[in-house]
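Student: Next up is a structure, given as structure tokens.
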Ligand SMILES: Cc1ncc(COP(=O)(O)O)c(C=O)c1O
């Protein structure tokens, strides 16, 4: 037993100890945080980026590295919650953005990039016959829901407990967020095909759509089971409701996204994150007959506006990413490397007698310190929040940037040496803290 472990007889002691060392190591981030408290609620403009005692302030990113205000350089395994797939300075993307910038901003008309990006997305994603762009994943999901409502003349949406589809469309815990734009929602448990079938049948006549992530990302990297997806596809079809896949995160998990990997074709899909090459991005697409309702040439067309929907920086960056960097082979390689990393992390925890479940698929990983099975977000409550905090702050002090939740997403510039170093740092963390973490 080393000195720190000897001091830390409980998980709470270990957390108090790491928190003190973390605070001492980041005085400038703390000062910036305290000043920001004066002008922003909780010093924050994006809830997910808050963690206690205060988050580090990032000042620079290069490849798969980020640097904080106190000069600490981290290997970035958070990958901006999947949006950072290309890393922080991919040359093809930087030069595409620079070229677009030189041609002028806010042009106020169609540009040469948007339809080319649209063509690539239609070719890549099997459910997408026509696509439109917007500014965020939130907007993309809300557009899918609105389009389903307008097309069916029904209002109700079926979602899943713990689902996250954006700040205005979230189902935390066992209810809906009071911040949601609409509360006309029924919720059932993820990966429960019988409950979903019953709810879809019961509400059939009022149900516009079922919305889900084919793997819950923020919910803990929980893959949908095949029979669950099959039941949703069959039952929505039977009731004339639409199936919406939120692939804002998961579209990176195969060249054609989870809609390809699962073999289940939804009616509408929401996209976001990395597909804008690192700039603000959202897109939604799907069946031609549904998307065609947005065709402004039709007398009864539906309106979809957005000043920045086709902004040249995003369009150019997204196009460069898909044409020059993210080939189908690169997608497969990245996800294979994630599968190997997940196995190595699981193996390390097993060898140290620590209860842990490394969840996820491919390049998305979430670590939960528990032995209980995980099929839906509520199952992850078995992990003590203090274990998540200990893990994140200890990994920060070892030079690895990842989320409080234990979530990681891999970026293309991460090397196999970076993976080796992450595993070594995790082993070191386990070596020191196995006695206070949940045991197997
Ligand atoms: C699955 C999922 N859907 C939607 C969103 C919302 O996307 P945005 O933050 O771009 O609005 C997110 C963001 O984390 C997400 O993870």
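Numbering (our numbering), first residue to last: 125 to 564. Every residue, glycine too, gets a C-beta built ideally from N, C-alpha and C. Owing to the predicted nature of the structure, the values given are computational and were not obtained by experimental measurement.
Going by CA-CA distance only, name the one from 519, 208, 174 that's closest to residue 548.
Tutor: Cα-wise, what sits closest to residue 548 is 519.
Student: Taking DSSP as the reference, what is the three-state secondary structure of residue 264?
Tutor: Here residue 264 sits in helix by DSSP.
Student: Quick check: the stretch 394 to 402 against the stretch 193 to 207, are there 3 or more CB pairs under 8 angstroms?
Tutor: Yes, the stretch 394 to 402 is in contact with the stretch 193 to 207.
Student: To the nearest angstrom, how far is the alpha carbon of residue 505 from that of residue 288?
Tutor: Cα to Cα, the separation comes out at about 16 angstroms.
Student: Using a Cβ-Cβ cutoff of less than 6 angstroms, which residues in the same chain neighbour residue 125 once the five nearest sequence positions on both sides are dropped?
Tutor: Residue confidence is low: residue 125 scores 48 on pLDDT, short of 50, so the model does not pin down where it sits. No coordinate-derived value is stated.
Student: So is residue 262 buried or exposed if we call it buried at 16+ other beta carbons inside 10 Å?
Tutor: So residue 262 ends up on the buried side.
Student: Helix, strand or coil for residue 164 per DSSP?
Tutor: DSSP places residue 164 in coil when its eight states are reduced to three.
Student: Any chance the CB of residue 265 is under 8 angstroms from a heavy atom of ligand 1?
Tutor: True, at least one ligand heavy atom lies under 8 angstroms from that Cβ.
Student: Quick check on the burial criterion: 16 or more other C-beta atoms within 10 angstroms. Buried or exposed for residue 169?
Tutor: Flag for residue 169 reads exposed.
Student: Locate the beta strand (DSSP E) running through residue 198, then write down its first and last residues.
Tutor: Where residue 198 is concerned, the enclosing beta strand (DSSP E) stretches over 197 to 200.
Student: Less than 8 angstroms separating the Cβ of residue 139 from some heavy atom of ligand 1?
Tutor: Checking the Cβ of residue 139 against ligand 1 gives no.
Student: Confirm the yes/no value for this check: CB of residue 289, any heavy atom of ligand 1, distance under 8 angstroms.
Tutor: Checking every heavy atom of ligand 1 against the Cβ of residue 289, one is found closer than 8 angstroms.
Student: Three Cβ pairs or more, each shorter than 8 angstroms: is that satisfied between the stretch 245 to 254 and the stretch 308 to 325?
Tutor: The stretch 245 to 254 is not in contact with the stretch 308 to 325.
Student: Using a 10 Å radius around the Cβ and a threshold of 16 neighbouring Cβ atoms, would you call residue 453 buried or exposed?
Tutor: It counts as exposed.
Student: May I ask you to check if the CB of residue 253 is nearer than 8 angstroms to at least one heavy atom of ligand 1?
Tutor: Residue 253 Cβ: outside cutoff for every heavy atom of ligand 1.
Student: Over the uninterrupted alpha helix (DSSP H) stretch that includes residue 461, give me the two end residues.
Tutor: Run containing residue 461: 452 to 475, per the alpha helix (DSSP H) assignment.
Student: Any heavy atom of ligand 1 within a distance shorter than 8 angstroms of the CB on residue 260?
Tutor: Yes, ligand 1 has a heavy atom inside 8 angstroms of this Cβ.
Student: Less than 9 angstroms separating the beta-carbons of residue 347 and residue 485?
Tutor: Taking 9 angstroms as the Cβ cut-off, residue 347 and residue 485 qualify as a contacting pair.
Student: Is there contact between the stretch 332 to 342 and the stretch 271 to 278, where contact requires at least three CB pairs shorter than 8 angstroms?
Tutor: Yes, they touch.
Student: At a threshold of 8 angstroms, does residue 405 count as lining ligand 1 (C-beta to nearest heavy atom)?
Tutor: Result yes, Cβ under 8 angstroms from ligand 1.
Student: In chain order, what residues of the same chain lie with their CB nearer than 7 angstroms to the CB of residue 321, ignoring the 5 residues before and after it?
Tutor: Counting only Cβ-Cβ distances below 7 angstroms, and skipping sequence neighbours, we find 355, 359.
Student: Is it the case that the CB of residue 372 approaches a heavy atom of ligand 1 more closely than 8 angstroms?
Tutor: True, at least one ligand heavy atom lies under 8 angstroms from that Cβ.
Student: Return the chain-ordered list of same chain residues with a C-beta closer than 8 angstroms to the C-beta of residue 296, the five sequence neighbours on each side being excluded.
Tutor: Contacts found: 286, 288.
Student: Tell me the residue span of the beta strand (DSSP E) that contains residue 78.
Tutor: Residue 78 lies beyond the residue range present for the chain, which begins at 125 and ends at 564; the question has no answer from this structure.
Student: Using DSSP bridges, identify the partner residues of residue 186.
Tutor: Its beta-bridge partners are 189.
Student: Would you call the CB atoms of residue 245 and residue 230 closer than 9 angstroms?
Tutor: No. Outside cutoff.
Student: Within 10 angstroms of its Cβ, does residue 516 collect 16 or more other Cβ (buried), or is it exposed?
Tutor: Counting Cβ neighbours within 10 Å, residue 516 comes out buried, since at least 16 surround it.
Student: Quick check: the Cα distance between residue 213 and residue 441, rounded to an integer number of angstroms?
Tutor: Cα to Cα, the separation comes out at about 12 angstroms.
Student: Per DSSP, what kind of secondary structure is residue 372 in: helix, strand or coil?
Tutor: Coil, per DSSP.
Student: Give every residue of the same chain whose Cβ lies closer than 6 angstroms to the Cβ of residue 152, excluding the five residues on either side of it in the sequence, and list them in chain order.
Tutor: Within the same chain, residue 152 has close Cβ partners 193, 194.
Student: So residue 224 packs on residue 436, CB below 8 angstroms; how close in whole Å?
Tutor: Contact flag correct, Cβ pair sits at about 4 angstroms.
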